[in-house]
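Chemist: I'd like to ask you about the structure that follows.
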Amino acid sequence: MPLSGHCLCKAVTYSADVEAPLLTGYDHCDDCQRQSGSTYSLVAVVPKDKLTIKGPIKKWSGSGSSGKAVHRLFCSECGSPIAHDPDAAPEIIALKAGTLDAELKKNLKPVRLREKETPNLCGLCFVASKTQLFANRTVWRLGYRDLDGWEIAFLPGTSGQAVQAHA
173 MPLSGHCLCK AVTYSADVEA PLLTGYDHCD DCQRQSGSTY SLVAVVPKDK LTIKGPIKKW
233 SGSGSSGKAV HRLFCSECGS PIAHDPDAAP EIIALKAGTL DAELKKNLKP VRLREKETPN
293 LCGLCFVASK TQLFANRTVW RLGYRDLDGW EIAFLPGTSG QAVQAHA
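Quick note on our numbering: the sequence shown kicks off at 173 and runs consecutively.
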């Protein structure tokens, strides 16, 4: 069953031809906090080439923590955030998981880490970086890093198994 969802007014709909997100997690970067109006944005990361979005989209682009652009997609009618599309990780797009259809949201298992210095905030930052997996193969590593440098990463081809490492 593909992942599907829509904005508040249902003018924008989307479908991702995947069984499950590559990663679901709480993104606590400053930009996601400001965009969501909360202390985090719940995201469901999918391969960009598997996603189809229909309807009136407005895009706002700004610089991400990588220094590269992050394109935030919104419904131009109701303003609901739909996704963010980071240039630093061109193969993926992070859907705003609150826009997923209700039945799909019930099965999400987001990553959650705790920040020691600020207990009210989780302190996670979404990371997507190239990793040398084998001598001749570079892949994108998706995951989250807390302020102590601990990272939970999800490598493509590992069936969603988490790999925890200290940065």
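Heads up, the beta-carbon is just placed ideally off N, CA and C, and yes, glycines get one too.
Please list, in chain order, all residues of the same chain as valine 217 whose beta carbon is under 7 Å from its beta carbon, the five residues on each side excluded.
Modeler: The residue labelled residue 217 in the question sits at position 45 within the sequence shown. Hits under 7 Å: Pro193, Leu194, Leu195, Ile264, Ala266, Leu314.
Chemist: What span of residues does the alpha helix (DSSP H) with lysine 268 cover, start to end?
Modeler: Translated into positions along the sequence shown, residue 268 becomes position 96. For lysine 268, there is no enclosing alpha helix (DSSP H); the residue is part of the beta strand (DSSP E) that begins and ends at 264-268.
Chemist: Could you spell out the range, first to last residue, of the alpha helix (DSSP H) harbouring lysine 277?
Modeler: Within the sequence shown, the letter at position 105 stands for residue 277. Note, lysine 277: alpha helix (DSSP H), 274-277.
Chemist: Which same chain residues, not among the five before or five after lysine 230, have their C-beta less than 6 Å away from its C-beta?
Modeler: Your numbering for residue 230 matches position 58 in the sequence shown. Cβ within range, chain order: Phe246, Ser248.
Chemist: Note down the Cα distance separating isoleucine 254 from cysteine 179, rounded to an integer number of angstroms.
Modeler: Your numbering for residue 254 matches position 82 in the sequence shown. Your numbering for residue 179 matches position 7 in the sequence shown. Distance between the alpha carbons of isoleucine 254 and cysteine 179: 7 Å.
Chemist: Are tyrosine 198 and leucine 223 closer than 8 Å when you measure CB to CB?
Modeler: Translated into the one-based positions of the sequence shown, residue 198 becomes position 26. Translated into the one-based positions of the sequence shown, residue 223 becomes position 51. Taking 8 Å as the cut-off, the Cβ atoms of tyrosine 198 and leucine 223 do not count as close.
Chemist: Which of the three DSSP states is assigned to aspartate 199 in this structure?
Modeler: Walking along the sequence shown from the start, residue 199 turns up at place 27. In this structure, aspartate 199 counts as strand in the three-state DSSP scheme.
Chemist: State buried or exposed for alanine 307, treating a residue as buried only when at least 16 other CB atoms are found within 10 Å of its CB.
Modeler: On the sequence shown, position 135 is the one that residue 307 refers to. With a pLDDT of 48 at alanine 307, under the threshold of 50, the modelled position of that residue is not reliable, and the figure given next carries that caveat. Exposed, since its Cβ has fewer than 16 Cβ neighbours within 10 Å.
Chemist: Tryptophan 232: which of Cys181, Pro258, Asp221, Asp273 sits nearest, CA to CA?
Modeler: On the sequence shown, residue 232 is found 60 positions in, with the first residue counted as 1. Closest by alpha carbon: Pro258.
Chemist: Drop a sphere of 10 angstroms on the beta-carbon of glycine 251, count the other beta-carbons inside from all chains shown, and report buried for 16 or more, exposed for fewer.
Modeler: Position 79 of the sequence shown, counted from the start, is the residue given in the question as residue 251. With a 10 Å radius around the Cβ and a threshold of 16 neighbouring Cβ atoms, glycine 251 comes out exposed.
Chemist: Around the C-beta of serine 210, are 16 or more other C-beta atoms found within 10 angstroms, so that it is buried, or is it exposed?
Modeler: Along the sequence shown, one-based indexing puts residue 210 at 38. The residue in question, serine 210, is exposed, as its Cβ has fewer than 16 Cβ neighbours within 10 Å.
Chemist: Which residue wins for smallest C-alpha separation from glycine 227, given the options Leu276, Lys182, Lys277?
Modeler: Against the sequence shown, residue 227 aligns to sequence position 55. Minimum Cα distance to glycine 227 is reached at Lys182.
Chemist: Starting from leucine 245 and walking both ways along the beta strand (DSSP E), at which residues does that stretch end?
Modeler: As a first step, residue 245 is located in the sequence shown; it is residue number 73 there, counting from the start. 241-247 is the span of the beta strand (DSSP E), which, as asked, contains leucine 245.
Chemist: Please report the straight-line C-alpha distance between glutamine 207 and alanine 274, rounded to a whole angstrom.
Modeler: Here the question's residue 207 lines up with position 35 in the sequence shown. Here the question's residue 274 lines up with position 102 in the sequence shown. Cα to Cα, glutamine 207 sits roughly 22 Å from alanine 274.
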